[in-house]
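J.: For the sequence shown, my numbering assigns the number 20 to the initial residue and increments by one for each residue that follows. Just so it is clear, CB atoms sit at the ideal spot from N, CA and C, and this is done for glycine as well.
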Amino acid sequence: MIFRPILVAACVAMTATGAYAEADKKDDILPLVPVSPCQTHDKDAEAKAQGLADKFRTALRSGDRAAILGMVTEMEAVMAAAPAPYYIERCENGINIYTSNMTAAILVGAMAAGDKDSKANNNLNLHGQTAYATLAFGLGWAYADRRDYDRCITVLEDGLKRDPFDELMIAEELYCMGQDRRNEETVAKADGYLNNFMLGLSDLGKAAILRRKGYALIELARWDEAEKAYKDSLKLDPKSQIAKSELEVIKAQKKRLKAS
């Protein structure tokens, strides 16, 4: 994930101008600022989870499929004992935010601070995502590889409660939904993500979501909409061979339909 800087003042301005309230009315994908009380943090369990998460990241970066699949049993055991999902906690040292997306972290942190009494400690402490969020993604990846799409969706839903801003996890969830033929749901959820300014999506993140949407629209035989989704994705990620190939498929299908 690329860390993208953003001014805190801009976040506060969005809150003050009503962007927060507007998002609260429209947004059914991300519960806004679900601040948890300070967690107990089992240091030994967190260290074990972090070690496994680091091992997964290394395998993912090197494309070591066998290594990832070999971790599944251990990842499942760690996740079975994981704490309830959270990504924001209020502690004595301020507001701790755990996510891989620093743009979203600062925005959400500013909103969380704005809702509290001025006497509260509203210092924002930005951390990377928890190991449990990483491991949820790892399991989702492995289940997708095994074509166990129901389990993929279930574990990624949990993972997105632990880091709602993770673009890889969002794309993987939509992939599994599409492969599970939940096409209408995939389109609706993709639109929800794309319209959610709080996610702080990068261009590549948006492009991946548009490709998942395009795939679902092809499955629904909504050719014009699918074509638009893939073309929009190429504006954000011009090098995507997947999008280019799918546009050729759509072009051929529309030609056949016109000839029939």
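#1: Looking at I237 and E265, is the spacing between their C-beta atoms short of 8 Å?
#2: Who are the Cβ neighbours of R275 in its own chain at under 6 Å, not counting the five residues just before and after it?
#3: Any chance you could list the alpha helix (DSSP H) runs of at least 4 consecutive residues sitting entirely within the segment 118-160, in chain order?
#4: Can you name, in chain order, every residue of its own chain whose Cβ lies under 6 Å from the Cβ of Q198, other than the five neighbours on each side?
#5: Is the CB-CB distance between T77 and F184 below 8 Å?
#6: Name the one or two DSSP bridge partners that G113 has.
#7: Compute the distance between the beta-carbons of A99 and M217, then report whether it is under 8 Å.
#8: Given that a residue counts as buried once 16 or more other Cβ atoms are within 10 Å of its Cβ, and exposed if not, what is C171?
#9: Quick check: the Cα distance between A226 and D256, rounded to an integer number of angstroms?
#10: Between which two residues does the alpha helix (DSSP H) carrying A307 extend?
#11: Figure out for me which residue from L179, S221, L88 and K258 has the closest Cα to the Cα of I74.
#12: Taking 8 Å as the cut-off, decide whether the C-beta atoms of A209 and R231 are in contact.
#13: Thinking N141 and N112 are a contact (beta carbons under 8 Å), I'd like their distance in whole angstroms, please.
#14: By Cβ distance, which residues of its chain are closer than 7 Å to L213, with the 5 residues on each side in sequence left out?
#15: Measuring alpha carbon to alpha carbon, tell me which residue in M196, D182, D83 and A190 is nearest V127.
#16: Compute the Euclidean distance between the alpha carbons of V206 and A235, then round it to the nearest angstrom.
#17: Spatial neighbours of A161 within its chain, please: CB distance less than 7 Å, with the 5 preceding and 5 following residues excluded, ordered by chain position.
#18: Where do the N-terminal and C-terminal ends of the alpha helix (DSSP H) with N202 fall, by residue?
#19: Roughly how many whole angstroms lie between the Cα atoms of Q260 and S252?
#20: Return the Cβ separation of K150 and Q69 in integer angstroms, given the expectation that the two are a contact with Cβ distance under 8 Å.
#21: Suppose contacts are defined by Cβ-Cβ distances below 8 Å. Is M94 in contact with L79 by that definition?
#22: Apply the 10 Å Cβ neighbour rule to E191 and answer buried if 16 or more other Cβ atoms are within range, or exposed otherwise.
T.: In short, the structure shows the following:
#1: Translated into positions along the sequence shown, residue 265 becomes position 246. Translated into positions along the sequence shown, residue 237 becomes position 218. In contact: E265 and I237 (Cβ atoms closer than 8 Å).
#2: Indexing the sequence shown from 1 puts residue 275 at position 256. Correct list: empty, nothing qualifies.
#3: 121-133
#4: Locating residue 198 in the sequence shown gives position 179, where the first residue counts as 1. Result list for Q198: Y168, in chain order.
#5: Taking the first residue of the sequence shown as 1, we reach residue 77 at position 58. Taking the first residue of the sequence shown as 1, we reach residue 184 at position 165. No, these two residues do not count as a Cβ contact at 8 Å.
#6: The residue you call residue 113 lines up with position 94 of the sequence shown. DSSP, once it has assigned bridges, lists C110 as partnering G113.
#7: Counting from one through the sequence shown, the residue named residue 99 turns up at place 80. Counting from one through the sequence shown, the residue named residue 217 turns up at place 198. Their beta carbons are not under 8 Å apart, which means A99 does not touch M217 by this criterion.
#8: Taking the sequence shown and counting its residues from 1, one reaches residue 171 at position 152. Buried is the call here.
#9: Your numbering for residue 226 matches position 207 in the sequence shown. Your numbering for residue 256 matches position 237 in the sequence shown. Each residue's alpha carbon lies about 6 Å from the other.
#10: Summary: the structure shown does not reach residue 307, with the chain confined to residues 20 through 279, and so no result is reported for it.
#11: Here residue 74 corresponds to residue number 55 of the sequence shown, with the count starting at 1. Here the sequence assigns Lys to residue 74, which means Ile is not the residue at that position. It is L88 whose Cα lies nearest to the Cα of K74.
#12: Stepping through the sequence shown from its first residue, residue 209 is reached at position 190. Stepping through the sequence shown from its first residue, residue 231 is reached at position 212. In contact: A209 and R231 (Cβ atoms closer than 8 Å).
#13: Locating residue 141 in the sequence shown gives position 122, where the first residue counts as 1. Locating residue 112 in the sequence shown gives position 93, where the first residue counts as 1. Not confirmed; about 11 Å, so no contact.
#14: To locate residue 213, count along the sequence shown from 1; it is residue 194. Cβ neighbours of L213 beyond the five flanking positions: K225 and I228.
#15: For the purposes of this step, residue 127 is identified with residue 108 of the sequence shown, where counting begins at 1. Taking only the C-alpha atoms, the option nearest V127 is D182.
#16: Counted from its first residue, the sequence shown places residue 206 at position 187. Counted from its first residue, the sequence shown places residue 235 at position 216. A straight-line Cα-Cα distance of about 6 Å links V206 and A235.
#17: Counting from one through the sequence shown, the residue named residue 161 turns up at place 142. Excluding positions up to five away in sequence, the list reads I87, L88 and V91.
#18: For this step, residue 202 is matched to residue 183 along the sequence shown. Per DSSP, N202 belongs to the alpha helix (DSSP H) from N202 to L213.
#19: Walking along the sequence shown from the start, residue 260 turns up at place 241. Walking along the sequence shown from the start, residue 252 turns up at place 233. Near 11 Å, if we compare the C-alpha coordinates of S252 and Q260.
#20: On the sequence shown, residue 150 is found 131 positions in, with the first residue counted as 1. On the sequence shown, residue 69 is found 50 positions in, with the first residue counted as 1. According to the sequence provided, residue 150 is Ala. The question's Lys does not apply to it. With 8 Å as the limit, A150 and Q69 qualify as a contact, their Cβ atoms being about 4 Å apart.
#21: In the sequence shown, residue 94 corresponds to position 75, counting from 1. In the sequence shown, residue 79 corresponds to position 60, counting from 1. For M94 and L79, no; Cβs fall outside 8 Å.
#22: Mapped onto the sequence shown, residue 191 falls at position 172. Buried is the call here.
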